[in-house]
Amino acid sequence: MFPPPVAYDTVIKSPINENITISYKEPDPGTCATAFSTQKQYSGYVNLPPFTLEPFQQNYSINTFFWFFEARTSPETSPLTIWLNGGPGSSSMIGLFREMGPCMVVPSTDGYGTTTNPWGWDRSSNMLFIDQPTQVGFSYDDAVNATVDLYTGERREPGPSAESGPDWLTLNGTFSSGHEANTQNTSIIAASASWHFLQGFLSAFPQYNPGSTPNVTTVGPTGINLFAESFGGQYAPAFAHFFEDQNARRITGDISSNSTLEIKLTSVGIINGLIDQLIQAPYWPRFAYNNTYGIEAIDQTTQLNAISDFQAPGGCRDLITQCRADMKTNDPKGDGDDQTTNTACQNAKSACDLILAASISPGRSVYDIRVQNPNAFPSYAYLEYLNSAEVLGSIGAKVNFTETSLDVFKAFIATGDENRGTPLTSLASLLTLGVRVALVYGDADLICNWYGGEAVSLELARNLPTYSTNFPAAGYADIVVNSSYVAGQVRQYGNLSFSRIYDAGHTVPSYQGEAAFTVFTRIIEGDDIGMGRDVDLSSFSTEGPANSDFKNKVKEQPEYPCWIRAMNDTCTSDAIKNINQGSGVVKNGMWFAEDKQYSSPQSSIVIATPGSLPSSDPTPRSQDGTPTSTSIIPLTGVYTASGTPSPTSRGSQLEPCSPFGYIALISVGLQLFWQ
Numbered sequence: 001m002f003p004p005p006v007a008y009d010t011v012i013k014s015p016i017n018e019n020i021t022i023s024y025k026e027p028d029p030g031t032c033a034t035a036f037s038t039q040k041q042y043s044g045y046v047n048l049p050p051f052t053l054e055p056f057q058q059n060y061s062i063n064t065f066f067w068f069f070e071a072r073t074s075p076e077t078s079p080l081t082i083w084l085n086g087g088p089g090s091s092s093m094i095g096l097f098r099e100m101g102p103c104m105v106v107p108s109t110d111g112y113g114t115t116t117n118p119w120g121w122d123r124s125s126n127m128l129f130i131d132q133p134t135q136v137g138f139s140y141d142d143a144v145n146a147t148v149d150l151y152t153g154e155r156r157e158p159g160p161s162a163e164s165g166p167d168w169l170t171l172n173g174t175f176s177s178g179h180e181a182n183t184q185n186t187s188i189i190a191a192s193a194s195w196h197f198l199q200g201f202l203s204a205f206p207q208y209n210p211g212s213t214p215n216v217t218t219v220g221p222t223g224i225n226l227f228a229e230s231f232g233g234q235y236a237p238a239f240a241h242f243f244e245d246q247n248a249r250r251i252t253g254d255i256s257s258n259s260t261l262e263i264k265l266t267s268v269g270i271i272n273g274l275i276d277q278l279i280q281a282p283y284w285p286r287f288a289y290n291n292t293y294g295i296e297a298i299d300q301t302t303q304l305n306a307i308s309d310f311q312a313p314g315g316c317r318d319l320i321t322q323c324r325a326d327m328k329t330n331d332p333k334g335d336g337d338d339q340t341t342n343t344a345c346q347n348a349k350s351a352c353d354l355i356l357a358a359s360i361s362p363g364r365s366v367y368d369i370r371v372q373n374p375n376a377f378p379s380y381a382y383l384e385y386l387n388s389a390e391v392l393g394s395i396g397a398k399v400n401f402t403e404t405s406l407d408v409f410k411a412f413i414a415t416g417d418e419n420r421g422t423p424l425t426s427l428a429s430l431l432t433l434g435v436r437v438a439l440v441y442g443d444a445d446l447i448c449n450w451y452g453g454e455a456v457s458l459e460l461a462r463n464l465p466t467y468s469t470n471f472p473a474a475g476y477a478d479i480v481v482n483s484s485y486v487a488g489q490v491r492q493y494g495n496l497s498f499s500r501i502y503d504a505g506h507t508v509p510s511y512q513g514e515a516a517f518t519v520f521t522r523i524i525e526g527d528d529i530g531m532g533r534d535v536d537l538s539s540f541s542t543e544g545p546a547n548s549d550f551k552n553k554v555k556e557q558p559e560y561p562c563w564i565r566a567m568n569d570t571c572t573s574d575a576i577k578n579i580n581q582g583s584g585v586v587k588n589g590m591w592f593a594e595d596k597q598y599s600s601p602q603s604s605i606v607i608a609t610p611g612s613l614p615s616s617d618p619t620p621r622s623q624d625g626t627p628t629s630t631s632i633i634p635l636t637g638v639y640t641a642s643g644t645p646s647p648t649s650r651g652s653q654l655e656p657c658s659p660f661g662y663i664a665l666i667s668v669g670l671q672l673f674w675q
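In terms of my numbering, the sequence shown opens at residue 1 and continues consecutively.
As structure tokens, this is what we get:
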């Protein structure tokens, strides 16, 4: 399905940089069903011509896709939050449609539509979802037509059907070039591209710049919240450091203050982030062997051997140290073009990948230790929805949607980016500047597990005199998200916090929507994360036990469908074999061995579709498509606790699961995407 021709509502040059072009439109009503029809949305592209990123190498065009949503109430005075998924190479549409966006995709009798996500983060903030780096999601360098094989991922010249096998195994479409050289290949260069993107976006939409004041012509600091997930643990520190460095250069006159905007952050949130493998890597085997779910994914001998390998001379730890030393000497600006540094950092990644591989139990999900692969929670339905002609045209997409770009992933692997930076130094500088830093971890994730996240928070605190004793001394307080439920625990002192969310995998909002929203809102409002109270963070400290020792219960894993656009992640080996042989049927993007296995959705479901809003508001649903009651879940506001519920209400409040479920292992040899 090739994207239809696009007619944008607006195509303008940036008021502060005429080389930057912003092309956007308002999506057709119903494309993403927000809580209120009065909420404005804008989607489109910010174009950066070649050489915009100088002194970084960039001889290609950058067309960065964005989707913006107004807050449900008072958007003119609401904060602005940027959301980034990880990968590297994973689209932020994952967050929008599978985690914490204003809407979610649900099935209907004739395809898919959307319904309101009651716990979307637009409840408390204007939201900006960005597909980056270049070639991720809807973003592209050059648009080219091709036929893609859904099993191998290989492309060829566009044709009418598959050369062999069933027609539904290959799809025609328009994609970015696929050239690894035509993307940013380090987090630092990606930060530069995103800074330029924000210069264009905020100059085109000054009404959503939190630094703007009504009736005042000057633009003040933007006060942006930056939230990122998974490999976003690399992005967020690098981006924040770059933004603050640009702010300083504006003051010194190194760059013009008249033709640039200050990008001042008020909070940085990292969800199940890969922040520093030097700290987190040994916690892979520790968590796999001894976790709060009582699951021994590996035996004790394997655990001890993996930790020994990490510490061994020439092992993961030593090679990360060597990588960073080489970068400091040979590539201090993060250009990614020094082969000595790249080789050292690639070697570090290879050694650390062996530690991770030793921590993985065959068949068990690295994103949720409770379940076996294939694991398709939450729903992959959005892949079908976003690639429909109606949606592509509605949002102004120039290319088909691809969830994760292997080309971007390879580009980052080539520089060993995940071990190059000094993220703790960057996060420490943010705390020094008064920026809130929040680490949030679902406690069922293995690949970015909460043991490692907690260790990062303690090491970060150790680097700052004010936090070095006060943060570890802060006890774990319960996170109370409603009158009957404790969703986790938090250690919080000053502007630094670490939250453990019970019964949540790698993508916390997918599993615990209410908890994720509540924690998010308390972070950006500078409140007590445990209770939601208005406190003075300069002196606030949580009280409670020194350790979070709540023991989880494992629930039975439901059956999930086999999604044809994500077969390597969601289908069994037998199913994939049958698919390649052309047997079975495909219904609504799902493969079934027999037609009778498919159950049509209920006709009574109220959904929205592009250009068609139902007469009544779309039925709010949980992440699996199960209807929720609007009388129970109001669509605005955040809970402030007055007390702690009984101990019996802790954990295990998993949203119900149906066949429309998500996350699975994406592998390239031993390589894993930090989604």
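Glycine included, each C-beta is placed from N, C-alpha and C at the ideal position.
Rounded to whole angstroms, what's the CA-CA distance from residue i to residue j? Just pull it up for me.
| i | j | result |
| --- | --- | --- |
| R364 | D254 | 52 Å |
| T21 | S74 | 28 Å |
| S538 | G120 | 29 Å |
| R317 | Q234 | 18 Å |
| M590 | I564 | 6 Å |
| V391 | T109 | 18 Å |
| N547 | L53 | 45 Å |
| N63 | F97 | 21 Å |
| N185 | K596 | 47 Å |
| Q199 | P3 | 28 Å |
| V638 | R123 | 8 Å |
| Y598 | F540 | 54 Å |
| Y485 | K551 | 16 Å |
| G475 | Q489 | 10 Å |
| A444 | I295 | 10 Å |
| P374 | I576 | 12 Å |
| L635 | E418 | 38 Å |
| T630 | P118 | Interpretation of T630 is limited by its pLDDT of 45, a score under 50 that renders its predicted location unreliable; the figure taken from the coordinates is listed afterwards. T630 and P118: Cα-Cα distance of roughly 8 Å. |
| F231 | T10 | 33 Å |
| C32 | Y441 | 28 Å |
| N59 | L48 | 11 Å |
| L654 | M100 | Residue placement at L654 is poorly supported in this model, since its pLDDT is 40, which falls under 50; the coordinates still yield a value, given next. Whole-angstrom Cα-Cα distance: 16 Å. |
| Q671 | Q303 | Summary for Q671: the model assigns pLDDT 43, below 50, so the residue's position carries little reliability, and this model does not support an answer. |
| G95 | G86 | 10 Å |
Using the DSSP secondary-structure output, state which residues sit across from residue i in a beta bridge.
| i | result |
| --- | --- |
| S350 | According to DSSP, S350 bridges with nothing at all. |
| S108 | G111 |
| N17 | S14 |
| I224 | L80 and L265 |
| T134 | Answer by DSSP bridge pairing: none, since T134 is not bridged. |
| R156 | T147 |
| L439 | I270 and F498 |
| S177 | Note: S177 sits in no beta bridge, so no partner. |
| Q606 | The sequence given here places Val at residue 606; Gln does not occur at that position. Note: V606 sits in no beta bridge, so no partner. |
| K596 | Per DSSP, none; premise fails for K596. |
| F517 | In the DSSP output, where bridge partners are listed per residue, F517 has none listed. |
| T404 | S90 |
Going by the beta-carbon positions, is the gap between residue i and residue j smaller than 9 Å?
| i | j | result |
| --- | --- | --- |
| A411 | I355 | no |
| C103 | T34 | yes |
| T147 | G159 | yes |
| D141 | Q135 | yes |
| D520 | G269 | The sequence shown places Phe at residue 520, not Asp. A contact, by the Cβ cut-off of 9 Å. |
| H506 | I413 | no |
| E459 | I263 | no |
| S194 | L261 | no |
| S510 | P378 | yes |
| L265 | A228 | no |
| R155 | G178 | yes |
| Q416 | A516 | A small correction: the amino acid at residue 416 is Gly; Gln does not occupy that position in the sequence shown. For G416 and A516, no; Cβs fall outside 9 Å. |
| F225 | P79 | The sequence shown places Asn at residue 225, rather than the Phe named in the question. Yes, they are a contact pair. |
> Does the region 494-511 come within contact of the region 565-575, defined as at least 3 CB pairs closer than 8 Å?
Replying inline: no
>> Under 8 Å: do the region 476-492 and the region 332-344 share three or more Cβ pairs, one atom per stretch?
In response: no
>> Which complete beta strand (DSSP E) runs does the region 68-97 hold, if anything under 3 residues is left out?
In response: 80-84
> Is the region 396-416 touching the region 369-387 in the sense that three or more CB pairs, one from each, lie closer than 8 Å?
Replying inline: When Cβ pairs closer than 8 Å are counted between the two stretches, the region 369-387 is seen to touch the region 396-416, the count reaching three or more.
>> Could you tell me which whole alpha helix (DSSP H) segments of length 4 or greater appear in the region 486-514?
In response: 508-511
> Taking three-plus beta-carbon pairs below 8 Å as touching, is the region 364-375 in contact with the region 273-293?
Replying inline: yes
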